[in-house]
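Peer 1: Below is the structure I would like to discuss, written out as structure tokens.
Protein chains: 2
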Amino acid sequence: MATPTPTRKRGHDPESVLSIAVGVFNERGYDGTSMEDLARALGVTKSAIYYHVPGKEQLLARALDRALDGLFAMVADERAASGPAIDRLEWVVRQSVRILIDRLPYVTLLLRVRGNSVTEQAALERRREFDGFIGHLVKDAAADGSIRPDVDPALVTRLLFGTVNSIAEWYQPARGASPEDLADALLKMTFNGLRAAPLD
Amino acid sequence: MATPTPTRKRGHDPESVLSIAVGVFNERGYDGTSMEDLARALGVTKSAIYYHVPGKEQLLARALDRALDGLFAMVADERAASGPAIDRLEWVVRQSVRILIDRLPYVTLLLRVRGNSVTEQAALERRREFDGFIGHLVKDAAADGSIRPDVDPALVTRLLFGTVNSIAEWYQPARGASPEDLADALLKMTFNGLRAAPLD
Numbered sequence: 000m001a002t003p004t005p006t007r008k009r010g011h012d013p014e015s016v017l018s019i020a021v022g023v024f025n026e027r028g029y030d031g032t033s034m035e036d037l038a039r040a041l042g043v044t045k046s047a048i049y050y051h052v053p054g055k056e057q058l059l060a061r062a063l064d065r066a067l068d069g070l071f072a073m074v075a076d077e078r079a080a081s082g083p084a085i086d087r088l089e090w091v092v093r094q095s096v097r098i099l100i101d102r103l104p105y106v107t108l109l110l111r112v113r114g115n116s117v118t119e120q121a122a123l124e125r126r127r128e129f130d131g132f133i134g135h136l137v138k139d140a141a142a143d144g145s146i147r148p149d150v151d152p153a154l155v156t157r158l159l160f161g162t163v164n165s166i167a168e169w170y171q172p173a174r175g176a177s178p179e180d181l182a183d184a185l186l187k188m189t190f191n192g193l194r195a196a197p198l199d
Numbered sequence: 000m001a002t003p004t005p006t007r008k009r010g011h012d013p014e015s016v017l018s019i020a021v022g023v024f025n026e027r028g029y030d031g032t033s034m035e036d037l038a039r040a041l042g043v044t045k046s047a048i049y050y051h052v053p054g055k056e057q058l059l060a061r062a063l064d065r066a067l068d069g070l071f072a073m074v075a076d077e078r079a080a081s082g083p084a085i086d087r088l089e090w091v092v093r094q095s096v097r098i099l100i101d102r103l104p105y106v107t108l109l110l111r112v113r114g115n116s117v118t119e120q121a122a123l124e125r126r127r128e129f130d131g132f133i134g135h136l137v138k139d140a141a142a143d144g145s146i147r148p149d150v151d152p153a154l155v156t157r158l159l160f161g162t163v164n165s166i167a168e169w170y171q172p173a174r175g176a177s178p179e180d181l182a183d184a185l186l187k188m189t190f191n192g193l194r195a196a197p198l199d
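Have a look at this one:
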């Protein structure tokens with residue numbers, strides 16, 4: 000009779016472990032989540048959780064990379080690098096909305112990071128790098144006269160991405176606007192303004 | 000020899016107790032804050048804290064009211080009730096930025112409420128009532144043709160107040176833009192748009 004060899008429990012490949020863990024982090028807060036909470040959410044015993052994952056912080060690192068890798072792939076894209084600054088900025092804002100919605104739990108987790116550990120500090124460092132890229136783009140658009148000259152580019156950067164990031168506070172994928180409708184509405188409001196054009 | 004009568008400890012009037020407690024709530028999270036944490040922040044013994052405050056939830060309720068009362072005083076103002084809808088909407092957005100900055104720790108706490116207790120649910124109910132008021136204002140402005148017809152008023156409401164509320168994530172009162180400059184930049188971006196007007 001063959002001895003059963005250890006098999007990975009069905010439904011718990013690394014991807015589903017990560018996805019379930021991020022759900023728990025977002026619900027209870029990362030600091031408020033114990034390995035026991037994660038084991039319970041995965042439906043495994045507390046000792047079996049270490050078979051799936053070495054530790055909480057490793058899951059956090061993978062989850063934050065999931066959000067940040069999406070943003071950095073975008074800024075490395077040709078469309079973020081060439082053409083008029085205002086078009087690049089619009090493209091980057093639209094892509095940011097798409098990434099936020101596509102990776103909603105991961106971006107939500109990223110937005111809550113406060114720097115309480117080495118992993119969180121590394122994520123904040125990458126976020127600052129991303130913000131720096133956007134800041135330059137806004138400055139370029141201000142310098143070539145394509146965005147209004149009477150607002151501080153640093154403030155614009157904050158407010159524009161504040162608008163994008165605020166979507167994570169209320170967006171429910173199962174209902175409401177599609178990602179494209181949401182991106183359209185956001186771009187119309189921030190680039191063209193809510194005021195109706197005066198009638199001719 | 001006179002027996003010393005109990006006196007309120009200097010520096011701990013109800014206002015300073017509330018202010019210190021809200022700082023601790025925002026730093027540690029309300030659920031993560033114990034009465035012991037509050038006593039430590041106030042510099043009093045754990046038993047003395049009950050002289051200053053009956054309990055944590057009562058402090059939470061007072062803090063959330065501080066934010067909500069400001070918002071409701073605004074919507075009750077004459078300037079929110081009469082005149083063209085778009086002007087009222089602009090005024091309400093500007094006032095919201097002022098209130099957010101003026102009562103920053105209280106509004107920050109309000110924005111993090113998730114409904115985990117009766118007190119939090121009551122605050123969420125009042126927040127929904129406020130959002131409903133804004134939603135009506137946006138609909139009125141859409142109906143009279145003063146805001147662009149190609150964006151859904153419900154989305155506009157979300158995005159506009161998402162922009163306002165995002166200020167709580169990064170604003171530091173001691174440095175950076177003044178409340179008025181910030182409100183100006185936000186109104187220019189959202190009502191008139193970032194794109195420079197075409198040259199004549």
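Those protein sequences? They're chains C and X, same order as listed.
Using numbering that gives the first Met the number 0, the letters of the first sequence map in sequence onto residues 0 to 199.
Using numbering that gives the first Met the number 0, the letters of the second sequence map in sequence onto residues 0 to 199.
Ideal Cβ positions, reconstructed from N, Cα and C, are used throughout, including at glycine.
Which runs of the alpha helix (DSSP H) at least 4 residues long sit entirely within the region 23-50 of chain X? Give them in chain order.
Peer 2: 34-41
Peer 1: Buried or exposed: where does ASN115(X) fall if 16 or more other Cβ atoms within 10 Å of its Cβ makes it buried?
Peer 2: Taking the first residue of the second sequence as 1, we reach residue 115(X) at position 116. Burial call: exposed.
Peer 1: Among all the DSSP beta bridges, which residues are the ones paired with ARG194(C)?
Peer 2: In the first sequence, the residue the question calls residue 194(C) occupies position 195. ILE146(X), per the DSSP bridge assignment.
Peer 1: Where does the unbroken alpha helix (DSSP H) through TYR105(X) begin, and where does it stop?
Peer 2: Position 106 of the second sequence, counting from 1, holds the residue named residue 105(X). Run containing TYR105(X): 103-111, per the alpha helix (DSSP H) assignment.
Peer 1: Which two residues bound the contiguous alpha helix (DSSP H) that contains GLN57(X)?
Peer 2: If you number the second sequence from 1, residue 57(X) lands on position 58. Counting along the chain, the alpha helix (DSSP H) containing GLN57(X) begins and ends at 55-74.
Peer 1: Hey, ALA182(C) and ARG97(C) are a contact pair by Cβ (cut 8 Å); roughly how many whole angstroms apart?
Peer 2: Position 183 of the first sequence, counting from 1, holds the residue named residue 182(C). Position 98 of the first sequence, counting from 1, holds the residue named residue 97(C). The Cβ separation is near 7 Å, so the contact holds.
Peer 1: Measuring CB to CB, does LEU158(C) end up less than 8 Å from ALA184(X)?
Peer 2: As a first step, residue 158(C) is located in the first sequence; it is residue number 159 there, counting from the start. As a first step, residue 184(X) is located in the second sequence; it is residue number 185 there, counting from the start. Yes, the Cβ-Cβ distance between LEU158(C) and ALA184(X) is below 8 Å.
Peer 1: Name, please, each residue of chain C whose Cβ falls closer than 9 Å to the Cβ of GLY134(X).
Peer 2: Residue mapping note: residue 134(X) aligns to position 135 of the second sequence, counting from 1. Within 9 Å Cβ-Cβ: nothing; GLY134(X) doesn't reach chain C, min ~13 Å.
Peer 1: Which of the three DSSP states, helix, strand or coil, is assigned to SER116(C)?
Peer 2: Numbered from its first residue, the first sequence carries residue 116(C) at position 117. Coil.
Peer 1: Quick one: Cα of PRO201(X) to Cα of ILE166(X), how far?
Peer 2: Any question about residue 201(X) goes unanswered here, given that chain X covers just 0 to 199.
Peer 1: Is the region 84-98 of chain X touching the region 137-156 of chain X in the sense that three or more CB pairs, one from each, lie closer than 8 Å?
Peer 2: yes
Peer 1: Taking Cβ positions only, does PRO148(C) come closer than 8 Å to chain X?
Peer 2: For this step, residue 148(C) is matched to residue 149 along the first sequence. With 8 Å as the cut-off, PRO148(C) counts as an interface residue toward chain X.
Peer 1: Buried or exposed for GLN94(X), going by 16 or more other Cβ atoms inside 10 Å?
Peer 2: Indexing the second sequence from 1 puts residue 94(X) at position 95. Buried, by the Cβ-count rule.
Peer 1: List the endpoints of the continuous alpha helix (DSSP H) containing ALA153(C).
Peer 2: Position 154 of the first sequence holds residue 153(C). Start and end: 152-165.
Peer 1: According to DSSP, is GLN171(C) part of a helix, a strand, or is it coil?
Peer 2: For the purposes of this step, residue 171(C) is identified with residue 172 of the first sequence, where counting begins at 1. GLN171(C): coil per DSSP, three-state reduction.
Peer 1: Classify THR189(X) as buried or exposed, calling it buried when 16 or more other Cβ atoms lie within 10 Å of its own Cβ.
Peer 2: In the second sequence, the residue the question calls residue 189(X) occupies position 190. Label assigned to THR189(X): buried.
Peer 1: Which residue's Cα is closest to the Cα of GLY28(X): ASN191(X), ALA80(X), PRO104(X) and ALA141(X)?
Peer 2: Counting from one through the second sequence, the residue named residue 28(X) turns up at place 29. Nearest option by C-alpha distance: PRO104(X).
Peer 1: Is any beta-carbon of chain C found at less than 8 Å from that of ALA182(X)?
Peer 2: To locate residue 182(X), count along the second sequence from 1; it is residue 183. Not one chain C Cβ lies under 8 Å of ALA182(X).
Peer 1: Give a yes or no on whether 8 Å exceeds the smallest Cβ distance from PHE24(X) to chain C.
Peer 2: Counted from its first residue, the second sequence places residue 24(X) at position 25. Not closer than 8 Å to any Cβ of chain C, the Cβ of PHE24(X) fails to qualify, so no.
Peer 1: How about ASN164(C) and ARG194(X): are their beta carbons less than 8 Å apart?
Peer 2: As a working note, residue 164(C) is residue 165 in the first sequence. As a working note, residue 194(X) is residue 195 in the second sequence. Cβ atoms of ASN164(C) and ARG194(X): not closer than 8 Å.
Peer 1: Which residues of chain X have a Cβ atom closer than 9 Å to the Cβ of ALA47(C), listed in chain order?
Peer 2: Counting from one through the first sequence, the residue named residue 47(C) turns up at place 48. Per Cβ cutoff of 9 Å: no residues; ALA47(C) is ~28 Å from chain X at best.
Peer 1: Helix, strand or coil for VAL91(X) per DSSP?
Peer 2: Within the second sequence, numbered from 1, the residue matching residue 91(X) stands at position 92. Residue state, collapsed to three classes: helix.
Peer 1: From the DSSP output, in three-state form, read off VAL52(C) for me.
Peer 2: What you label residue 52(C) is simply residue 53 of the first sequence in a count that begins at 1. Coil at VAL52(C), not helix or strand.
Peer 1: Throw me the rounded Cβ distance for the VAL106(C) and LEU99(C) pair, which I believe falls under 8 Å.
Peer 2: Residue 106(C) sits at position 107 when you count from the first residue of the first sequence. Residue 99(C) sits at position 100 when you count from the first residue of the first sequence. Right, their Cβ atoms sit about 5 Å apart.
Peer 1: From the beta carbon of GLY144(X), is the nearest beta carbon of chain C less than 8 Å away?
Peer 2: Here the question's residue 144(X) lines up with position 145 in the second sequence. GLY144(X) counts as touching chain C.
Peer 1: Using a cut-off of 8 Å between C-beta atoms, extract the partners of PHE129(X) located in chain C.
Peer 2: Counting from 1 along the second sequence, the entry for residue 129(X) is found at position 130. Neighbours of PHE129(X) on chain C: none; closest Cβ ~14 Å, over 8 Å.
Peer 1: Name, going along the chain, the residues of the region 23-43 of chain C whose beta-carbon falls closer than 8 Å to a beta-carbon of chain X.
Peer 2: Result list: GLY28, ASP30 and GLY31.
Peer 1: Under the three-state reduction of DSSP, which class applies to LYS15(X): helix, strand or coil?
Peer 2: Taking the second sequence and counting its residues from 1, one reaches residue 15(X) at position 16. It should be pointed out that residue 15(X) corresponds to Ser in this sequence rather than to Lys. Helix at SER15(X).
Peer 1: Alpha carbon to alpha carbon, how far is LEU37(X) from ALA72(C)?
Peer 2: One-based indexing of the second sequence puts residue 37(X) at position 38. One-based indexing of the first sequence puts residue 72(C) at position 73. The alpha-carbon atoms of LEU37(X) and ALA72(C) are separated by roughly 44 Å.
Peer 1: Helix, strand or coil for GLY82(C), going by three-state DSSP, please let me know.
Peer 2: Locating residue 82(C) in the first sequence gives position 83, where the first residue counts as 1. Reduced to three states, the DSSP call for GLY82(C) is coil.
Peer 1: Does GLU168(X) have its Cβ less than 8 Å from a Cβ in chain C?
Peer 2: Within the second sequence, the letter at position 169 stands for residue 168(X). Yes, because at least one Cβ of chain C sits closer than 8 Å to the Cβ of GLU168(X).
Peer 1: Can you list, in chain order, the residues of its chain whose CB lies under 7 Å from that of ALA1(X), leaving out five sequence neighbours each side?
Peer 2: In the second sequence, residue 1(X) corresponds to position 2, counting from 1. Low confidence applies to ALA1(X): its pLDDT is 49, below 50, so where it sits in the model is not reliable, and the reading given next is rough at best. Cβ neighbours of ALA1(X) beyond the five flanking positions: none.
Peer 1: Considering only the alpha carbon of each residue, which of THR162(C), PHE129(C), VAL43(C) and LEU63(C) lies closest to VAL117(C)?
Peer 2: Here residue 117(C) refers to the residue found at position 118 of the first sequence. Of the listed residues, the one whose Cα sits closest to VAL117(C) is LEU63(C).
Peer 1: When you compare each of LYS55(X), PHE160(X), ALA47(X) and LEU17(X) to ARG126(X) by their alpha carbons, which one comes out closest?
Peer 2: Taking the first residue of the second sequence as position 1, residue 126(X) is located at position 127. Closest by alpha carbon: PHE160(X).
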